[in-house]
Amino acid sequence: MISIFPSLLNGAVITLQLLVVSMFFGLIIGLIFAILRINKNLIINKFAYGYSYFFRGTPLLVQLYLIYYGLANVEFLRNSFFWVIIKEPYWCAIIAFSLNTGAYTSEILRSAFQTIKKGYIEAAQSLGVTKKITFYRIQLPIAIKQSLPAYGNEIILMLKGTSLASVITIMDLMGEARKVNVLTFKPFEAFITAGIIYLFITFIIHNIIKYLEKKYGFQT
Amino acid sequence: MELLSFGDTGWGDELFFATLMTIAVSIAAMAIGFLFALIFTPLKLSKNKSFNIIGNCYTTIIRGVPELLVIYLLFFGGTGAVMYVASIFGYDGYIEINAFITGALAIGIISGAYSTEVFRGAILSIDKGQFEASKVLGIKKNIQFYKIILPQMLRLSIPNISNVWQITLKDTSLISVTGLVEIMRQSYIAAGSTRDPLFFYSVAAVLYLMLTFLSMKLINKLEMKYSKGY
Amino acid sequence: MSKFKKFGLGIIISFFLVFSANAGSIKIGTEGAYPPWNSKDSSGNLNGFEVDLANALCEIMNHDCTVVEQDWDGMIPALTSKKFDAIMAGMSITSERLKTINFSQGYADEVASLAVMKGSSIENINTPEGINLNIGGSDVDKALKTLTSSLSGKTVCTQIGTIHQNFLESGDVGKIKLKTYKTQDEVNLDLTNGRCDVALAAAVAFTDYAEKSGKAVVLTGPTFSGGAFGNGVGVGIRKGDSKLLNEFNAAIDKARDDGIISKLAIKWFGFDASM
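Protein chains in written order, with numbering that gives the first Met the number 0: chain A, 0 to 219; chain B, 0 to 229; chain C, 0 to 274.
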């Protein structure tokens, strides 16, 4: 048990890296698509909906395989500048995870935007506040605060999602556990220890979100 | 398109049956999940502290570790555990649990944790007054549960259970490690054999989209039907 | 419609028949993703050298056999947890594995080799044709040195949990960037995609792939045997299952004497790999 711990911890560092980087890009993507979703232009709206529908309607594993093995099969991509990125399993994972969490984040933010009381916006308008400032100073902060609980869940779902990185040769926590399993033929030690580490990370994320909710969240 | 033809040369019939398998294993997992939820929801709502802890452990652990890990543990350990139990009862022969059961059970345990949370939320949102009213009317506890709480709980749960269904459906893609030939494994095999991963993983994506789309339609219909009068 | 009925029936049986005790018949686990040793055709049927051999051995042993599919990384745990009774999956006999399971005598020789895409800078490595790590000596040392300098800084790909991974991690070829995959199919894909500079597996796995895919995969460097590469491929059997072990050993003897193994090897590998 003790001997496998260091390698699993190394894996856990990769897992956290994957999580942080893809949550960062996912948040940006999610925000952009949430804004597109509340746009009144039908084409923009449908495009944003299509994106979120595809990434929410298919398993993350399929998305990961499509990006890693699928895109690598396209001759002109392999000969283009993009190959520098797609060649690396790490970036393929980041792309898949970011696009996936971006789709869920856009839904979370969209519903938060739509539940903002009209009164706030009307009040701002009657006070002569410009649309831009209303958005950045009123709508966005409220939406973010309202999204916190759901977004916390999304972070934990994504943490679990990163475990799929191991299928495209990345040695994250799951990858290290699988390696220990095939080398020692002792599945329980490897997988239960990894499970405890995952639970520990979940526990920390959960508490951070709770703290943020207490500090910044509000009841409406 | 030749790759998708039916018969010996194409992968069409294999993918078709793999899709049926995905549906079958999702439904089985969902049913197993409901069973788990019916056990653990009362535990979580119980006033007894130790019941509470058991219920919370289940939902916290299962929702806190990757699905793949649950599947691996069950896959590698499931048979061993069953055989251990059997040996206590004096049976030492080979016991085989097939891939379908292992897969459905693994996904069912996961889906059950989510269903438990949904049912719990639904019961908590039922107006307290109804409990008091039925008490005043002298309705027995178990009748109160079956005739008053359960129907409302189910109706209130439909939107969130539809989310659980979508999660369950997509999670079945992970059980290819148990050797069950569902959409994901069949595409994987086809991609390896034909060396055309782009095509077959795209087909897999389309199949999953079709399943999520059709089940959404179905669930919406159910929701319309059961929220009549509200 | 019969396929439909079979499918439906299968599902129904699965529900009710959770436990099935098997009497007299044996199950043999294989991977189905390591052609030409074992693979799957487009109808989903297992085929390959070991599938044919398994059926031949069972006929000799007078057993009812089913060959079942199992992912490589769960192969040994699946055997020990009695999901099947024997492994025939191109699994080499190594001291590491012998700690957990038993092996029959070897039935075929797996010659390992490196492979690259045509035009690679290490398409020609100046080494002897084959090296045997058991024998050692200055020739082997020199060859390993040459390999160390050729492979330095290269991304080397191989299947996880194999003798090839053990060799690459042993330090015999110095420090390399090792990437491990779930199946050999994936290694082949990434070798042709260019994510791997070089790959290590059974030589026939590459030549078979090159032939079927038409991709310019070529062997390079020496062929390897001995040491981390083990002592041939045998049937993996649970410890304590000595009756089955003896039966397999006797059956392999008979199959070898009758020329069955040679015949199947020539059919699938193109040369006689029996041992």
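Each residue gets a CB set at the ideal place from its N, CA and C atoms; glycine is no exception.
Computed from a predicted structure; not experimentally measured.
Legend entry - Cutoff 8 Å; reference asparagine 51 (chain B); Cβ partners in own chain excluding five residues on either side: By the criterion of a C-beta distance shorter than 8 Å, asparagine 51 (chain B) is surrounded in its chain by Leu42, Lys43 and Ser45, once the five residues flanking it on both sides are discounted.
Legend entry - Beta carbon proximity, methionine 152 (chain B) to chain A, threshold 8 Å: At least 8 Å separates the CB of methionine 152 (chain B) from every CB of chain A.
Legend entry - CB contact flag (leucine 208 (chain B), glycine 101 (chain A), <8 Å): Leucine 208 (chain B) places its beta carbon 8 Å or farther from that of glycine 101 (chain A).
Inset, instruction - With a 10 Å radius around its C-beta and 16 neighbouring C-beta atoms as the bar for buried, classify glutamate 74 (chain A) as buried or exposed. - result: With fewer than 16 Cβ atoms within 10 Å of its Cβ, glutamate 74 (chain A) is classed as exposed.
Legend entry - Where the alpha helix (DSSP H) containing tyrosine 313 (chain C) begins and where it ends: Residue 313 (chain C) cannot be examined here, being either before or after the span of chain C that is shown, 0 to 274.
Inset, instruction - List the residues of chain A whose Cβ lies closer than 8 Å to the Cβ of serine 204 (chain B), in chain order. - result: Per the sequence shown, the amino acid found at residue 204 (chain B) is alanine instead of serine. Simply Phe53, Thr57, Val61, Gln62 and Leu65.
Legend entry - Alpha-carbon spacing of isoleucine 218 (chain B) relative to arginine 62 (chain B), whole angstroms: Roughly 24 Å separates the two Cα atoms.
Legend entry - Cross-chain neighbours of glutamine 158 (chain C) in chain B, by beta carbon under 7 Å: Per Cβ cutoff of 7 Å: no residues; glutamine 158 (chain C) is ~12 Å from chain B at best.
Legend entry - Neighbouring residues, chain A, relative to leucine 188 (chain C) (Cβ below 9 Å): Against chain A, a Cβ distance below 9 Å from leucine 188 (chain C) picks out Tyr68, Ala71 and Asn72.
Legend entry - Three-state secondary structure (DSSP) of isoleucine 86 (chain C): For isoleucine 86 (chain C), the three-state secondary structure derived from DSSP is strand.
Inset, instruction - Quick one: grab the DSSP three-state call for asparagine 162 (chain B). - result: Secondary structure at asparagine 162 (chain B): helix, using DSSP grouped into helix, strand and coil.
Legend entry - Short CB-CB distance (under 8 Å) between threonine 65 (chain C) and chain A: Taking 8 Å as the CB threshold, threonine 65 (chain C) stays off the interface with chain A.
Inset, instruction - Take the Cβ of valine 84 (chain B) as the centre, count every other Cβ of all protein chains shown within 10 Å, and call the residue buried at 16 or more, exposed below. - result: With fewer than 16 other Cβ atoms within 10 Å, it is exposed.
Legend entry - Residues of its chain near glutamine 185 (chain B), where Cβ-Cβ distance is below 7 Å and the 5 sequence neighbours each way are ignored: Here glutamine 185 (chain B) has Glu13, Leu14 and Ala17 as same chain residues with Cβ atoms under 7 Å from its own Cβ, once five neighbours each way along the sequence are excluded.
Inset, instruction - With DSSP as the reference, please indicate the residues paired to serine 112 (chain C) in a beta bridge. - result: Looking at the DSSP assignment, serine 112 (chain C) forms a beta bridge with C:Ala200 and C:Thr222.
Inset, instruction - Kindly indicate if chain A contains any beta-carbon less than 8 Å away from that of proline 76 (chain C). - result: Yes - at least one Cβ of chain A is within 8 Å of the one on proline 76 (chain C).
Legend entry - Three-state class that DSSP yields for threonine 154 (chain C) in the structure shown: The answer is strand: DSSP assigns threonine 154 (chain C) an E or B state.
Inset, instruction - For methionine 87 (chain C), collect the residues of the same chain with a Cβ closer than 6 Å to its Cβ; drop the 5 residues on either side in sequence, then sort them by chain order. - result: Taken in chain order, the residues that qualify are Ile27, Thr29, Glu49, Ala53 and Val234.
Legend entry - Paired residues, beta bridge with leucine 334 (chain C) - DSSP: With chain C covering 0 to 274 only, the question about residue 334 (chain C) has no answer from this structure.
Inset, instruction - Please confirm if threonine 8 (chain B) has its CB atom under 8 Å from at least one CB of chain C. - result: By this cut-off, threonine 8 (chain B) is an interface position.
Legend entry - Buried or exposed (CB count within 10 angstroms, at least 16 for buried), arginine 194 (chain C): When all chains shown are included, arginine 194 (chain C) counts as buried.
Inset, instruction - State the DSSP-derived secondary structure class of glycine 258 (chain C), mapped to helix, strand or coil. - result: Coil, per DSSP.
Legend entry - Run of the beta strand (DSSP E) containing alanine 107 (chain C), from where it starts to where it stops: For alanine 107 (chain C), the enclosing beta strand (DSSP E) covers residues 101-107.
Legend entry - chain C contact residues for valine 69 (chain B), given Cβ-Cβ distances below 7 Å: By Cβ distance, chain C contributes nothing, its closest Cβ being about 15 Å from valine 69 (chain B), past 7 Å.
Legend entry - Neighbour list for valine 135 (chain B) in chain A, Cβ cutoff strictly below 8 Å: Within chain A, no C-beta atom comes less than 8 Å from the C-beta of valine 135 (chain B); the nearest is roughly 32 Å away.
Legend entry - Selection from A:Gly29, A:Thr201 and A:Thr129 that minimises the alpha carbon distance to glycine 160 (chain A): Selected option, being the one with the closest Cα: A:Thr201.
Inset, instruction - Answer yes or no: does any C-beta atom of chain C fall closer than 8 Å to that of phenylalanine 184 (chain A)? - result: Interface annotation, phenylalanine 184 (chain A): in contact with chain C, CB-CB separation under 8 Å.
Inset, instruction - Go ahead and pull the three-state DSSP assignment for lysine 39 (chain A). - result: Here DSSP, grouped into helix, strand and coil, assigns lysine 39 (chain A) to coil.
Legend entry - Helix, strand or coil at leucine 73 (chain B) according to DSSP, with G and I counted as helix: DSSP places leucine 73 (chain B) in helix when its eight states are reduced to three.
Legend entry - For valine 66 (chain C), the three-state DSSP class (helix, strand or coil): Note: valine 66 (chain C) maps to strand in three-state DSSP.
Legend entry - Test: serine 162 (chain A) CB closer than 8 Å to a CB of chain B: Using beta-carbon distances, serine 162 (chain A) counts as an interface residue toward chain B, with a partner under 8 Å.
Legend entry - Three-state secondary structure (DSSP) of asparagine 131 (chain C): DSSP places asparagine 131 (chain C) in strand when its eight states are reduced to three.
Legend entry - Local conformation of valine 234 (chain C) per DSSP, three classes: Strand, per DSSP.
Legend entry - Backbone secondary structure at serine 162 (chain A) - three-state DSSP: Serine 162 (chain A): helix per DSSP, three-state reduction.
Legend entry - Cβ separation of glutamate 109 (chain C) and glycine 89 (chain C), assumed to be a contact under 8 Å, to the nearest whole Å: Yes, they are in contact, since the Cβ atoms of glutamate 109 (chain C) and glycine 89 (chain C) sit about 6 Å apart, within 8 Å.
Inset, instruction - Please determine, among C:Lys238, C:Ile25 and C:Ala227, the residue with the shortest C-alpha to C-alpha distance to glutamate 58 (chain C). - result: Nearest Cα to glutamate 58 (chain C) within the set C:Lys238, C:Ile25 and C:Ala227: C:Ile25.
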